[in-house]
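**Student:** I'd like to ask you about the structure that follows.
Protein chains: 2
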Amino acid sequence: MALVVQKYGGSSVANAERIRHVAGRVAARAAAGDRMVVVVSAMGDTTDDLIALAARVRSSAEPLPREMDLLLSTGEIVSSALLSMALHDLGTPAVSLTGQQAGIRTDAVYGRARISGIDTVRIERELAAGRVVVVAGFQGVSEDFDVTTLGRGASDTSAVALAAVLHAASCEIYTDVAGIYTADPRICPSARPLRDIDYYEMLEMATTGARVMHARSVEIGEIYGVEILVASTFDQSRPGTWIRRESIMEKANKVRGIAHQEHIAKVTVRGVPDRPGIAAHLFEPLAEAGISIDTIVQNASVENLTDVTFTVDRSEVGQAAKVVRALLPAIGGRDVIADPNLGSVSIVGTGMVSSPGFAARMFRVLFEHQINIELISTSDIRITCIVRADQVQAAVNALHEAFALDRSD
Amino acid sequence: MALVVQKYGGSSVANAERIRHVAGRVAARAAAGDRMVVVVSAMGDTTDDLIALAARVRSSAEPLPREMDLLLSTGEIVSSALLSMALHDLGTPAVSLTGQQAGIRTDAVYGRARISGIDTVRIERELAAGRVVVVAGFQGVSEDFDVTTLGRGASDTSAVALAAVLHAASCEIYTDVAGIYTADPRICPSARPLRDIDYYEMLEMATTGARVMHARSVEIGEIYGVEILVASTFDQSRPGTWIRRESIMEKANKVRGIAHQEHIAKVTVRGVPDRPGIAAHLFEPLAEAGISIDTIVQNASVENLTDVTFTVDRSEVGQAAKVVRALLPAIGGRDVIADPNLGSVSIVGTGMVSSPGFAARMFRVLFEHQINIELISTSDIRITCIVRADQVQAAVNALHEAFALDRSD
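Residue numbers (the working numbering), protein chains in the order written: chain A, 1 to 409; chain B, 410 to 818.
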């Protein structure tokens, strides 16, 4: 009698028919003897629809995060109640719980709250009563009993966190793709699903553009050692990808996947006097404005003047440039240039740090395909190149082939 | 600085534009210095849409009241969050609360839970902070922290109960009609809104077909002495109707309104041996089947056999007849006849009990219009005649004219 946590994404519960399909899968598993906790996202485009509705009742764009969280939390509650009903219909006892009822406590940072703890009393009582527990994902409750949401895509995080505290045998994330691909199959036809991937590799993939998993869910999985299966809701013949600790030494020194992002912008502050504290003067105001920075590059100083370049999501480039321009008098910079039409391509794999050959190989492949590199950033297990947006697809395919990712593990 | 509770129904918050309109009204009132608690229903047809969605995920019709309540509660949460946002947009501080957050505790009778108490700590804290408190109507929370709903139309009950415990100066119910009419204006063109009406009269109107107010809200208003204004959301030029204790003696002896129902069915059990306990044997199983009975008539006994007739909502006649047929062997009845095509017409007014002339006048008016009376039931302040469904409209208009209801109070 294993305890299994499953999570079904928005496309998996997008309409009544799909909810019945999911119920059938859950019921079969419960009938086989597993105790089941099932986390669901909001149906299809519900969250976007609610956001659009909120925009229509207001003329101001000032964020109202508390009210927005309460509003958005309803989408997952609807899915959870419907899935519970569909399970009852198949004769499988079930109960739907809101984030609050499931004991998911968070801080009060609306819109991107973090889970502070999970009180599992109610879930365990329902499991002991023989019920499938259906939990509304993406949400929790603050100390003041206000409803919070954990960020877009964070139903993954709800699921992995529940699997961790419940000591589940596994956490299964069901989605509309067949697993974690070596590259995005929408732009790279030869991409194929990996059989397994290390937490750190997955994290790098997630933070550099692979949209399959919410990055924080992977972190939690790593910390608590939750083995996560990512697989298709619709095609049970495909095995999916296991995210778990790397155990096979031979795999450690290999590129495992190509990630990419298509909506990157670059902001360059030119002619900044190169003195201590310059980075803080520049990036603290950006952080206060809620702008999230990715890569930062500071050129070598010439005549004590330097250029500072950073990348942001394209949607934030206007505000970022505005913030930085206002700082020019204080930091003594010359001017600010923004380039909104960039993207990124990354190669990801554990052990790359010990093999400098990977970076050189990546740069040569891009050069051979006449793809200019605007910026480079690296981590232990990732090398990212910022390139022109219209060259991202070519870069992904070239690297996928060069690192032989189209061949099986 | 009066404390005012307002409630806006589903048609008043049916879309973004209407929510903004309601926000404008609430904001103006708050700016004038009133402290405001605003109860909202679900937007337009949301509740029906959710019920339809629930039906599509299931093939069984077995009720799942707990899951259904959790599902339906989301509709009012959406409205409350959106209205709060629209208020913020007008510069009026506001906070939206779920039934649970508003402290509305209920029993665990899903689908028609009763309020057991209201913990006003959170609401009072928000009011003290200068915020308009927007409460999701129709819902509360059980002792086990499960979400409950109070029954269709019960946002009125949420509002009046909040007005009672908060000792509000008044409770204002805003809807798509201009108040409580002397008869339903959709079928009686000369109907007009009353300036005021007694709680008991309103209760009789509500339980015999006037759909404007939820009957339980009127009961609570009467018990706690909450003065309730029913008025139009859209047409502020019309004064609406006050529901409050009758204070003007002259009005006590008058027909105040005509109520009607169009979907009544009659079930007759014929040839039942007339012995003690027969009513209990018949009606206990109906109550257990959840069938709500209105009028009951037992004919005078002939040769120790009697006929028992009762009325139910048309949607329940099939099940009611089935339950009763199954009882025939036990109670010794001959057969069961069901007539699904009936309606009712009622005259309502305090003091009618002391003036038997009203009943005689009603019967004569119906006779003069060739409307046959199938059953009669009376209370202190109401006389109801069951008639053919297709004669309800004629009966309402005839009585409205005969009792001079088209003339002002």
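Cβ coordinates follow ideal geometry from the N, Cα and C atoms, glycine included.
#1: Output the boundary residues of the beta strand (DSSP E) element that contains A:Tyr174.
#2: Relative to the C-alpha of B:Ser753, which candidate in B:Glu725, B:Gly727, B:Gln802 and B:His778 has its C-alpha closest?
#3: What residue from B:Ile428, B:Pro602 and B:Val422 has the CA that sits closest to B:Leu814's CA?
#4: For B:Met357, is the classification buried or exposed, using 16 other Cβ atoms within 10 angstroms of its Cβ as the cut-off for buried?
#5: Report the residues of the segment 303–325 of chain A with a CB closer than 9 angstroms to any CB of chain B, ordered along the chain.
#6: Please go through the same chain and pick out, in chain order, the residues whose beta-carbon is closer than 7 angstroms to the beta-carbon of B:Arg427, but skip the five residues on each side of it.
#7: Within this structure, are the beta carbons of B:Leu714 and B:Gly680 separated by less than 8 angstroms?
#8: For A:Glu250, does the three-state DSSP call read helix, strand or coil?
#9: Flag B:Gln415 as yes if its beta-carbon sits less than 8 angstroms from any beta-carbon of chain A, otherwise no.
#10: Would you please verify whether the beta carbon of B:Phe554 is less than 8 angstroms from any beta carbon of chain A?
#11: Which runs of the beta strand (DSSP E) spanning at least 3 residues fall entirely within the segment 291–331 of chain A, listed in chain order?
#12: Which residues bound the alpha helix (DSSP H) around B:Ala769?
#13: According to the neighbour-count rule (16 or more other Cβ atoms, all chains shown, within 10 Å of its Cβ), is B:Phe776 buried or exposed?
#14: Using a C-beta to C-beta distance shorter than 8 angstroms, which residues of chain B count as neighbours of A:Ala54?
#15: Using a C-beta to C-beta distance shorter than 8 angstroms, which residues of chain B count as neighbours of A:Val57?
#16: Which residues of chain B have a Cβ atom closer than 7 angstroms to the Cβ of A:Leu71, listed in chain order?
#17: Below 7 angstroms CB to CB, which residues in the same chain sit around B:Ala463 once its five sequence neighbours on both sides are set aside?
#18: Are the C-beta of B:Leu372 and some C-beta of chain A separated by less than 8 angstroms?
#19: Is A:Ser12 close to chain B, meaning its C-beta is less than 8 angstroms from at least one C-beta of that chain?
#20: CB B:Ile582 to CB B:Arg665, shorter than 8 angstroms?
#21: When you compare the segment 81–95 of chain A with the segment 466–475 of chain B, are there three or more beta-carbon pairs, one atom per stretch, that lie closer than 8 angstroms?
#22: So which residues on chain A does B:Leu814 lean against when the C-beta distance must stay under 7 angstroms?
#23: Would you call B:Phe852 buried or exposed, if buried means 16 or more other Cβ atoms sit within 10 Å of its Cβ?
#24: B:Leu814 lies in the beta strand (DSSP E); which residues open and close that run?
#25: Measuring only the C-alpha atoms, how far is A:Val4 from A:Asp48?
#26: Roughly how many whole angstroms lie between the Cα atoms of B:Val435 and B:Met622?
#27: To the nearest angstrom, how far is the alpha carbon of B:Val757 from that of A:Phe145?
#28: Pick helix, strand or coil for B:Val635, following the three-state DSSP scheme.
#29: Which residues in the same chain as B:Cys597 place their Cβ atom closer than 6 angstroms to its Cβ, once the five residues preceding and following it in sequence are excluded?
#30: Is A:Ser60 close to the ligand SAH? I mean its beta-carbon at under 7 angstroms from any heavy atom of the ligand.
#31: Give me the residue from A:His369, A:Ala210, A:Ala113 and A:Ala42 with the minimum Cα distance to A:Ala402.
#32: For A:Asp380, count neighbouring C-beta atoms within 10 Å of its own C-beta (all shown protein chains included) and say buried if the count is 16 or more, exposed if not.
#33: Take the Cβ of A:Tyr322 as the centre, count every other Cβ of all protein chains shown within 10 Å, and call the residue buried at 16 or more, exposed below.
#34: Give a yes or no on contact between the segment 540–559 of chain B and the segment 507–519 of chain B, applying the rule of three or more CB pairs nearer than 8 angstroms.
#35: So, using beta-carbon positions, are B:Gly630 and B:Ile652 closer together than 8 angstroms?
#36: Near B:Val627, which residues of its chain fall below 7 angstroms by C-beta distance, leaving aside the five closest residues on each side in sequence?
**Tutor:** Taking the geometry as given:
#1: Within the first sequence, numbered from 1, the residue matching residue 174 of chain A stands at position 174. Per DSSP, A:Tyr174 belongs to the beta strand (DSSP E) from Ser170 to Thr175.
#2: The residue given as residue 753 of chain B occupies position 344 in the second sequence. Nearest Cα to B:Ser753 within the set B:Glu725, B:Gly727, B:Gln802 and B:His778: B:Gln802.
#3: Against the second sequence, residue 814 of chain B aligns to sequence position 405. The residue with the shortest Cα to Cα distance from B:Leu814 is B:Pro602.
#4: Absent from the structure is residue 357 of chain B, since the part of chain B shown begins at 410 and ends at 818.
#5: Those residues of the segment 303–325 of chain A that come within reach of chain B (Cβ to Cβ, closer than 9 angstroms) do not exist; the list is empty.
#6: Sequence index remark: in the second sequence, residue 427 of chain B carries index 18 (1-based). Same-chain partners within the cutoff: Ser421.
#7: Against the second sequence, residue 714 of chain B aligns to sequence position 305. Against the second sequence, residue 680 of chain B aligns to sequence position 271. Contact flag set, yes.
#8: Position 250 of the first sequence, counting from 1, holds the residue named residue 250 of chain A. Residue placement at A:Glu250 is poorly supported in this model, since its pLDDT is 48, which falls under 50; the coordinates still yield a value, given next. Helix at A:Glu250.
#9: Translated into the one-based positions of the second sequence, residue 415 of chain B becomes position 6. It does not; no Cβ of chain A falls within 8 angstroms.
#10: Here residue 554 of chain B corresponds to residue number 145 of the second sequence, with the count starting at 1. Closer than 8 angstroms to some Cβ of chain A, the Cβ of B:Phe554 qualifies, so yes.
#11: If one requires a minimum length of 3 residues, the beta strand (DSSP E) runs lying completely within the segment 291–331 of chain A are 293–298 and 305–313, in chain order.
#12: The count along the second sequence starts at 1 and reaches residue 769 of chain B at position 360. Counting along the chain, the alpha helix (DSSP H) containing B:Ala769 begins and ends at Gly766 to Glu777.
#13: Residue 776 of chain B sits at position 367 when you count from the first residue of the second sequence. Counting Cβ neighbours within 10 Å, B:Phe776 comes out exposed, since fewer than 16 surround it.
#14: The residue labelled residue 54 of chain A in the question sits at position 54 within the first sequence. Residues of chain B whose Cβ lies closer than 8 angstroms to the Cβ of A:Ala54 are, in chain order, Ala490, Leu491 and Met494.
#15: Against the first sequence, residue 57 of chain A aligns to sequence position 57. From the beta-carbon of A:Val57, the residues of chain B found nearer than 8 angstroms are Ala425, Ile428, Arg429, Ala432, Leu491, Leu492, Met494, Ala495 and Asp498.
#16: Position 71 of the first sequence, counting from 1, holds the residue named residue 71 of chain A. For A:Leu71, the C-beta contacts it makes with chain B under 7 angstroms involve Val487, Ala490 and Leu491, in order along the chain.
#17: Position 54 of the second sequence, counted from the start, is the residue given in the question as residue 463 of chain B. Only residues of its own chain outside the window of five on either side were considered, and among them Met477 and Leu480 have a CB closer than 7 angstroms to the CB of B:Ala463, listed in chain order.
#18: In the structure as shown, chain B begins at 410 and stops at 818. Residue 372 of chain B is therefore absent and cannot be evaluated.
#19: The count along the first sequence starts at 1 and reaches residue 12 of chain A at position 12. Closer than 8 angstroms: no.
#20: In the second sequence, the residue the question calls residue 582 of chain B occupies position 173. In the second sequence, the residue the question calls residue 665 of chain B occupies position 256. Against a cut-off of 8 angstroms, the Cβ pair of B:Arg665 and B:Ile582 comes out as no contact.
#21: Below 8 angstroms, enough C-beta pairs join the segment 81–95 of chain A and the segment 466–475 of chain B to call them touching: three or more.
#22: What you label residue 814 of chain B is simply residue 405 of the second sequence in a count that begins at 1. Residues of chain A passing the Cβ test: none, with the nearest at roughly 40 angstroms.
#23: Residue 852 of chain B lies beyond the residue range present for chain B, which begins at 410 and ends at 818; the question has no answer from this structure.
#24: For the purposes of this step, residue 814 of chain B is taken as the residue at position 405 of the second sequence. That residue, B:Leu814, is in no beta strand (DSSP E); it is neither H nor E in DSSP.
#25: Looking up residue 4 of chain A in the first sequence gives position 4. Looking up residue 48 of chain A in the first sequence gives position 48. In a straight line, the C-alpha of A:Val4 is about 30 angstroms away from that of A:Asp48.
#26: Counting from 1 along the second sequence, the entry for residue 435 of chain B is found at position 26. Counting from 1 along the second sequence, the entry for residue 622 of chain B is found at position 213. Here the C-alpha atom of B:Val435 lies approximately 21 angstroms from the C-alpha atom of B:Met622.
#27: The count along the second sequence starts at 1 and reaches residue 757 of chain B at position 348. The count along the first sequence starts at 1 and reaches residue 145 of chain A at position 145. If I take the Cα positions, the gap works out to 46 angstroms.
#28: In the second sequence, counting from the first residue as 1, residue 635 of chain B sits at position 226. Note: B:Val635 maps to coil in three-state DSSP.
#29: Numbered from 1 along the second sequence, position 188 holds the residue referred to as residue 597 of chain B. Here B:Cys597 has Val805, Asn806 and His809 as same chain residues with Cβ atoms under 6 angstroms from its own Cβ, once five neighbours each way along the sequence are excluded.
#30: For the ligand SAH, the structure offers nothing, since it holds no ligand at all.
#31: Counting from 1 along the first sequence, the entry for residue 402 of chain A is found at position 402. Among A:His369, A:Ala210, A:Ala113 and A:Ala42, the Cα nearest to that of A:Ala402 is on A:His369.
#32: Along the first sequence, one-based indexing puts residue 380 of chain A at 380. A residue is called buried once 16 or more other Cβ atoms fall within 10 Å of its Cβ, and A:Asp380, having fewer, is exposed.
#33: For the purposes of this step, residue 322 of chain A is taken as residue 322 along the first sequence, with counting starting at 1. Before going on, a small fix: residue 322 of chain A reads as Lys here, not Tyr. Counting Cβ neighbours within 10 Å, A:Lys322 comes out exposed, since fewer than 16 surround it.
#34: With a cut-off of 8 angstroms on Cβ pairs, the segment 540–559 of chain B is in contact with the segment 507–519 of chain B, counting three or more such pairs.
#35: Residue mapping note: residue 630 of chain B aligns to position 221 of the second sequence, counting from 1. Residue mapping note: residue 652 of chain B aligns to position 243 of the second sequence, counting from 1. In terms of Cβ geometry, B:Gly630 and B:Ile652 form a close pair [threshold 8 angstroms].
#36: Counting from 1 along the second sequence, the entry for residue 627 of chain B is found at position 218. So the qualifying residues of the chain are Tyr608, Met611, Leu612, Ala615 and Ile652.
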